[in-house]
Structures are given as C-alpha cells and as structure tokens.
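*Asks:* Under the UniProt record's numbering, the residue at position 119 of the sequence shown is numbered 119, and the numbers go up by one with no gaps.
Dumping the structure here so I can ask a few things about it.
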Amino acid sequence: MLLAVDCGNTNIVFAVYDNTADVSRQLGCWRIATDVSRSGDDYTVWLGQMMSAANLANDMVSGIVVASVVPEITPHLVMMARTGFSLDPMLIGDAGVDLGITVDIDNPSQAGADRLVNAVAAKHYHQVPAIILDFGTATTLDLVRADGAYAGGIIAPGVHVSVDALYKAAARLPRLDVKPWDHTLPVLGRDTTSAMESGIFWGYVGMIEGLITRLRTEQGVELPAIATGGLASLFAPHLPMISAVDADLTLRGLVAIYNLNNESNSAITAHSNKVDC
1 MLLAVDCGNT NIVFAVYDNT ADVSRQLGCW RIATDVSRSG DDYTVWLGQM
51 MSAANLANDM VSGIVVASVV PEITPHLVMM ARTGFSLDPM LIGDAGVDLG
101 ITVDIDNPSQ AGADRLVNAV AAKHYHQVPA IILDFGTATT LDLVRADGAY
151 AGGIIAPGVH VSVDALYKAA ARLPRLDVKP WDHTLPVLGR DTTSAMESGI
201 FWGYVGMIEG LITRLRTEQG VELPAIATGG LASLFAPHLP MISAVDADLT
251 LRGLVAIYNL NNESNSAITA HSNKVDC
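The following block contains the structure:
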C-alpha cells in the first residue's frame with residue numbers, strides 16, 4: 001500500500017492507496033487540522049488509530065509520498081514515516097524526485113509543492129492545456145501547458161481567509177458561515193449578513209469568472225478549468241466555465257509521482273472510490 005500525505009496550510013490529508021493493481025484504489029482518507037505543535041509521535045498515534053478503525057495496519061504500507069507547503073511540519077511527517085512505518089518518505093521538492101514535468105517560471109523554487117503536484121495530476125488524468133482552480137487556504141489558478149509544463153499562476157486570498165479578515169478587521173461585522181449558497185441569493189443585500197454573503201459568494205464567483213476569462217484571452221485558447229480543494233463543490237455549480245471537479249487531484253498527483261519514481265509501479269493510475277476525508 002502507498003500512503004500519500006498532502007500537508008496544506010489549513011489541513012493535512014492522509015490517504016492510503018492499494019498500489020498493487022493496474023488501478024490504484026483509495027482505501028482510506030483522513031484529514032487533521034494543520035498544527036505546528038504536533039510531533040511526529042502525535043501523527044503516528046493519530047494516523048495509526050484512523051487506519052486501525054479502517055482495518056488497515058501500518059506494516060501494510062510499503063511506500064510514503066509527501067507534499068508539504070508548511071516547512072515547520074515537514075520534519076515531523078518525516079519522523080512519523082520513519083518511526084511509525086520504518087520508511088523514508090519521498091518528499092516532493094527533493095532533488096532526486098522526478099515530477100515528470102517542466103516548471104517553466106522565472107523562479108522554479110518558488111512554486112508550491114501542492115501546485116506542482118496538481119499540475120502532474122492534470123497531465124496524467126485530464127486534458128491539457130488546462131487551468132487548475134484550487135479552493136484552499138488561498139484561491140489559486142494555475143496554467144498547465146499542452147506538454148504538461150507548469151507555466152505559472154495566480155494567488156488570491158481564500159474564501160475562509162477573506163471571511164476571517166472581515167470579522168477581525170471590522171468591529172461591527174459578524175463572523176459569516178461559509179455554506180452552500182443558492183444561485184437565487186440576491187446581489188443586493190438588505191441587511192449586514194446578506195450583504196456579506198453577497199460579497200463573499202458573488203464576489204468570488206465574479207473574481208474567478210474574470211480571471212479565467214482573462215487567462216483564456218491572454219493564452220488565446222479556450223482552456224478547460226479543473227476545480228479542486230475543499231470549497232470546489234460549493235462554487236463549481238455556479239461557474240459553468242469549470243469543466244471538471246476533481247476533489248482528489250493532489251492525492252492522485254502524489255500517486256502518479258510516486259509511481260513515476262518507482263518503475264515497478266509505473267503503469268498504475270490512481271482511482272478514488274469516494275472515501276470521505
């Protein structure tokens with residue numbers, strides 16, 4: 001089995017894949033809030049409990065691949081791999097790890113591991129060229145060229161970041177719940193809450209529509225848009241220009257990279273069986 005770990009600024013996602021067949025099937029998926037105070041032992045104990053509840057054992061895992069955008073947590077995840085699984089993990093960004101794509105930006109070292117992994121997944125599992133729209137701590141749009149190269153992107157504040165900023169910066173504004181809003185939500189708010197809901201919901205819809213339109217115009221191609229991230233399912237129904245929603249895009253990219261760097265698994269593709277995490 002393969003353990004794929006996606007460490008983001010808000011959550012860390014752990015997923016176990018059966019990597020022994022032609023299609024790598026997801027057997028379990030769990031998430032925990034990102035917290036720099038947790039030790040490697042903390043992750044070992046917690047993940048062991050999650051896996052045990054799913055009838056999975058640590059000694060069944062033969063490989064671990066990690067993408068992390070939180071440098072303070074990466075050593076703890078490495079320690080978890082070594083103490084809990086007796087394995088050295090494959091770390092995205094290490095010099096010896098081949099992504100199978102070109103990073104064609106001015107400073108390749110600045111590209112986030114998660115965004116590069118998403119680009120790999122887009123190349124392996126979707127039609128490229130394409131735009132990857134990731135609703136995470138930040139809302140990002142990235143361009144993957146027809147040859148699979150990562151060609152750059154856009155970074156904007158994430159939905160939750162914007163909601164928190166409003167609440168913290170304005171004394172009289174309430175904390176807004178991020179929830180599925182209906183397309184009938186009026187643009188014109190009639191009270192404080194409905195005005196904030198319109199600003200967040202229609203504001204982000206308008207921002208994404210505008211950015212995708214500008215990217216398509218700049219590139220001269222009607223690029224498909226692949227949405228991923230925790231809020232993708234909330235916004236995608238209101239954005240017809242999104243051609244696909246792939247909630248497991250990053251995890252599937254990690255599987256593809258692991259297999260690329262391990263010849264015995266090179267023909268295996270990642271399949272999600274909708275395990276909640």
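Ideal placement from N, C-alpha and C gives every residue a C-beta, glycine not left out.
Taking 8 Å as the cut-off, does the region 172–184 touch the region 147–156 (at least 3 CB pairs, one atom from each stretch)?
*Replies:* no
*Asks:* Taking the alpha carbon of Asp88 as the point to measure from, which residue in Leu166, His126 and Val61 has its own alpha carbon closest?
*Replies:* Val61
*Asks:* Roughly how many angstroms lie between the CA atoms of Thr83 and Thr44, to the nearest whole one?
*Replies:* 8 Å
*Asks:* In this structure, how does DSSP classify Val120 when only helix, strand and coil are distinguished?
*Replies:* helix
*Asks:* Can you tell me the Cα-Cα spacing of Thr184 and His238, whole angstroms?
*Replies:* 11 Å
*Asks:* Whole angstroms is fine: what's the gap from Pro240's alpha carbon to Leu3's?
*Replies:* Roughly 34 Å separates the two Cα atoms.
*Asks:* Please report the straight-line C-alpha distance between Gly189 and Thr228, rounded to a whole angstrom.
*Replies:* 29 Å
*Asks:* Could you check which residue in Val5, Val187 and Ser198 has the C-alpha nearest to that of Leu77?
*Replies:* Val5
*Asks:* Which residue wins for smallest C-alpha separation from Asp177, given the options Ala138, Pro186, Ile200 and Val70?
*Replies:* Ile200
*Asks:* DSSP state of Arg31, grouped into three classes?
*Replies:* strand
*Asks:* What residues in its chain sit with their C-beta under 6 Å from that of Val65, if we drop five residues either side in the sequence?
*Replies:* Ala4, Met90, Leu254 and Tyr258
*Asks:* Helix, strand or coil: which one does DSSP assign to Pro157?
*Replies:* strand
*Asks:* Rank Asp104, Trp46, Phe135 and His160 by C-alpha distance to the C-alpha of Thr250 and give the top, closest one.
*Replies:* Phe135
*Asks:* For Thr228, list the residues DSSP reports as bridge partners.
*Replies:* Asp134
*Asks:* Report, in whole angstroms, the separation of the C-beta atoms of Ile212 and Ile105, which I expect to be a contact under 8 Å.
*Replies:* Contact annotation, Ile212 with Ile105: C-beta distance approximately 19 Å; criterion of less than 8 Å not satisfied.
*Asks:* Measuring alpha carbon to alpha carbon, tell me which of Val159, Pro180, Asp182 and Ala270 ends up nearest Thr10.
*Replies:* Val159
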